[in-house]
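Chemist: Numbering (the numbering used here), first residue to last: 341 to 443.
All residues carry an ideal CB built from backbone N, CA and C; glycine is no exception.
1. So, with DSSP's three-state summary, where would you put residue 405?
2. Determine the direct distance from the alpha carbon of residue 368 to that of residue 356, and round the result to whole angstroms.
3. Going by CA-CA distance only, name the one from 422, 438 and 411 that's closest to residue 444.
4. Taking the alpha-carbon positions, what's the residue 343 to residue 397 distance?
5. Any idea what DSSP makes of residue 318, helix, strand or coil?
6. Apart from the five residues just before and just after residue 359, which ones in its own chain have a Cβ nearer than 7 Å to its Cβ?
7. May I ask whether a heavy atom of the ligand SAH can be found less than 6 Å away from the beta carbon of residue 410?
8. Under the DSSP definition of a beta bridge, which residues are partnered with residue 352?
Here is the structure:
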């Protein structure tokens with residue numbers, strides 16, 4: 341079953357956290373760094389083996405979203421300040437990342 345869209349998606353630049361809230365849940369916070377590392381696009385993950393291609397050590401410490409774009413009713417595209425913009429984050433993927441980080 342598809343995950344509902346979050347009611348809240350906010351980027352808090354001063355703390356480096358996304359604030360996410362789904363219907364019936366408390367707010368969740370996840371670090372920009374963890375969301376950037378959680379990208380599953382073909383640039384970041386080998387599409388045949390599923391092995392990570394992204395080296396987290398190469399992600400700048402000041403990583404932050406430069407913009408967010410809604411993609412249909414199921415995802416957002418995050419344009420990162422490191423120039424990366426090919427990943428789609430489905431609502432389910434964002435929920436997984438937020439629950440894994442549990443700040």
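Modeler: Based on what the coordinates show:
1. strand
2. 13 Å
3. Summary: the structure shown does not reach residue 444, with the chain confined to residues 341 through 443, and so no result is reported for it.
4. 31 Å
5. Nothing can be reported for residue 318, as the shown portion of the chain is limited to 341 through 443.
6. 348, 350, 352, 367 and 369
7. You won't find the ligand SAH in this model; it holds no ligand whatsoever.
8. 357
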